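**Student:**
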Amino acid sequence: MSEAIAFVPFDSFLDQEGTSERRHELVGGRVYAQAGGSERHDLTAGLVYEILAVGARAARCRPFAANRLLRTPSGNAYYPDVMVACGQAAHRLYETSASLIVEVLSPSTADVDRREKAVAYSELPELQQLLLVHPDVRRIEVADPAEGSIHSWAAFGPGDLVRTAYGDIVIDALYDAVDRTATTP
Numbered sequence: 000m001s002e003a004i005a006f007v008p009f010d011s012f013l014d015q016e017g018t019s020e021r022r023h024e025l026v027g028g029r030v031y032a033q034a035g036g037s038e039r040h041d042l043t044a045g046l047v048y049e050i051l052a053v054g055a056r057a058a059r060c061r062p063f064a065a066n067r068l069l070r071t072p073s074g075n076a077y078y079p080d081v082m083v084a085c086g087q088a089a090h091r092l093y094e095t096s097a098s099l100i101v102e103v104l105s106p107s108t109a110d111v112d113r114r115e116k117a118v119a120y121s122e123l124p125e126l127q128q129l130l131l132v133h134p135d136v137r138r139i140e141v142a143d144p145a146e147g148s149i150h151s152w153a154a155f156g157p158g159d160l161v162r163t164a165y166g167d168i169v170i171d172a173l174y175d176a177v178d179r180t181a182t183t184p
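Be aware that the sequence shown starts at 0, since it is given in numbering that gives the first Met the number 0, and climbs by one per residue.
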């Protein structure tokens with residue numbers, strides 16, 4: 000005998016998410032609670048947001064930090080750590096398009112970010128770059144998506160510069176700022 004597994008349609012998920020005290024992601028019709036980030040994770044995401052926000056606004060785009068839901072063409076819904084969206088919002092609670100997405104890696108979600116989310120994000124026709132940022136190691140992985148898949152990955156480390164349409168991320172300056180600000184290892 001088979002057992003039925005609950006499937007949650009996007010509209011039901013959105014209704015529940017609007018009243019929930021905790022954030023969740025929707026993947027394949029299943030709802031997953033999001034874990035909180037470490038101090039270094041949140042500082043890294045905030046500093047990357049600060050670097051990109053001015054350039055995003057100058058390009059008439061909207062920068063978001065962690066609290067804006069993104070619905071992919073396959074129907075999954077995620078909260079990227081940093082996202083730049085251009086054009087009209089799809090809905091008051093979510094976006095369906097982004098030109099740049101940043102995920103700050105954590106030990107428990109790094110594999111999901113590299114596989115599941117990278118594939119889902121690459122479905123977005125407007126996506127120009129996906130950045131996976133390590134909070135503890137001076138390393139940023141950059142994916143260049145096109146036509147629904149990722150065509151290349153590159154890793155940047157100490158002494159490098161990551162160029163984006165909204166501002167350049169100087170690896171050492173970013174991590175120096177995280178190191179100066181963090182109070183925990």
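We treat Cβ as the ideally placed atom computed from N, Cα and C, and that holds for glycine. Keep in mind it's a predicted model, so treat the numbers as computed, not measured.
Drop a sphere of 10 angstroms on the beta-carbon of PHE63, count the other beta-carbons inside from all chains shown, and report buried for 16 or more, exposed for fewer.
**Tutor:** Counting Cβ neighbours within 10 Å, PHE63 comes out buried, since at least 16 surround it.
**Student:** If we count Cβ pairs, one from each stretch, closer than 8 angstroms, do we get three or more for the region 138–145 versus the region 79–89?
**Tutor:** By the criterion of at least three beta-carbon pairs nearer than 8 angstroms, the region 138–145 is not in contact with the region 79–89.
**Student:** Would you check if the distance between the CB atom of VAL177 and the CB atom of LEU42 is smaller than 7 angstroms?
**Tutor:** yes
**Student:** Going by DSSP, what residues sit across from PRO106 in a beta bridge?
**Tutor:** According to DSSP, which records beta bridges pairwise, PRO106 is partnered with nothing at all.
**Student:** What distance in whole Å lies between the Cβ atoms of VAL30 and PHE12, which are believed to be in contact at a cut-off of 8 angstroms?
**Tutor:** 6 angstroms
**Student:** For GLY74 and GLY156, what's the separation of their Cα atoms in angstroms?
**Tutor:** 34 angstroms
**Student:** Does ALA119 pass the burial test, meaning 16 or more other C-beta atoms within 10 Å, or should it be called exposed?
**Tutor:** buried
**Student:** Among residues of its own chain, excluding the 5 on either side of GLY45, which ones have a beta-carbon nearer than 8 angstroms to its beta-carbon?
**Tutor:** ALA64
**Student:** Please report how far the alpha carbon of LEU92 lies from the alpha carbon of TYR77, in whole angstroms.
**Tutor:** 12 angstroms
**Student:** Distance, Cα to Cα, ALA117 vs GLU94?
**Tutor:** 17 angstroms
**Student:** To which residues does DSSP link PHE155 through a beta bridge?
**Tutor:** ILE139
**Student:** Select from THR71, ALA97 and ASP159 the residue whose C-alpha is nearest the C-alpha of MET82.
**Tutor:** ALA97
**Student:** From this set, VAL47, GLY27, ASN66 and THR183, which residue's C-alpha is nearest VAL169's C-alpha?
**Tutor:** VAL47
**Student:** Which partner residues of LEU160 appear in the DSSP bridge assignment?
**Tutor:** VAL169
**Student:** Would you tell me roughly how many angstroms separate the C-alpha atoms of LEU68 and ARG22, rounded to the nearest one?
**Tutor:** Cα to Cα, LEU68 sits roughly 10 angstroms from ARG22.
**Student:** Pick helix, strand or coil for GLN128, following the three-state DSSP scheme.
**Tutor:** strand
**Student:** Let me know if PRO184 comes out buried or exposed under the rule of 16 or more other beta-carbons within 10 Å of its beta-carbon.
**Tutor:** Flag for PRO184 reads exposed.
**Student:** Check for me: the alpha helix (DSSP H) holding VAL7 runs from which residue to which?
**Tutor:** Per DSSP, VAL7 belongs to no alpha helix (DSSP H) and is neither H nor E.
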